[in-house]
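Numbering (this note's numbering), first residue to last: 39 to 250.
The beta-carbon is built from N, C-alpha and C at its ideal position, and this holds for glycine as well.
A quick write-up on the structure given underneath.
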Ligand code: FES
Ligand code: FES
């Protein structure tokens, strides 16, 4: 392969990427393209949910993940797309109070649900206690994983309050302790490539203590 071939391939690749991005953001265009080449058009559905206390109704391709519905359709970009495969936790949000990887679930499965993203936990003037604790304990560096970490941390403390056991809970008959081992295990699905783990645990411990 000479350098010209390489240039053409790269140009072709960029064009293809641009088309893919446009299609991802535009379900009606997707529908037209699918029918133009004889494929089946996407199945659309009206999805209604409450997001950060506000009712939202969207017309969505039924294959749209909750993560893409939040980011691409509601423009709530605080929730991050890391791996898009359920492996990093960057997309964690609270659905009816329970933490969930929003990249692994379809929006249409949450008809009528109450969804809370990082934008709905607190405001810059009135931070949620977990947000304030992350700031106080330097629970982040680049901040990319932080919205997911904070939503997950809120969900973890709620799980412990509800006596939901984890893999390391020694005695299923007694209350789970808010210890470091328990917190680390429950937060193990939230990856931080900056390595802010110790500070995140300190922040969670403080919030748990203040509520004890
Ligand atoms: Fe959902 Fe990584 S983006 S788990
Ligand atoms: Fe950078 Fe966690 S703060 S990835």
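Near residue i, which residues of its chain fall below 7 Å by C-beta distance, leaving aside the five closest residues on each side in sequence?
i	result
residue 228	127, 130, 183, 186, 187 and 190
residue 203	210 and 214
residue 218	239
residue 156	116, 117, 185, 188 and 189
residue 196	135
With distances taken from CA atoms, which of the options is nearest residue i?
i	options	result
residue 132	219, 120 and 105	105
residue 138	124, 238 and 181	124
residue 159	90, 147 and 221	90
residue 224	147, 206, 156 and 241	206
residue 134	92, 115 and 151	151
Are residue i and residue j closer than 8 Å when you measure CB to CB?
i	j	result
residue 96	residue 113	no
residue 98	residue 83	yes
Which same chain residues end up closer than 6 Å to residue i when comparing Cβ atoms and leaving out the 5 residues on each side of it in sequence?
i	result
residue 168	188, 191, 192 and 245
residue 241	171, 172, 175 and 177
residue 28	Outside the displayed span of the chain (39 to 250) sits residue 28, for which this structure offers no information.
residue 88	152
residue 81	100
What distance in whole Å lies between the Cβ atoms of residue j and residue i, which are believed to be in contact at a cut-off of 8 Å?
i	j	result
residue 102	residue 144	7 Å
residue 232	residue 180	5 Å
residue 239	residue 222	6 Å
residue 153	residue 100	With a Cβ gap of about 18 Å, residue 153 and residue 100 do not count as contacting.
Given residue i, which residues of its chain have a CB within under 8 Å of its CB, disregarding the five upstream and five downstream residues?
i	result
residue 107	85, 96, 98 and 145
residue 201	213 and 214
residue 24	Shown here, the chain extends from 39 to 250; a query on residue 24 therefore has no answer.
residue 148	85, 87, 104 and 133
Since residue i sits in a beta bridge, which residues does DSSP pair it with?
i	result
residue 94	87
residue 103	144
residue 184	According to DSSP, residue 184 bridges with nothing at all.
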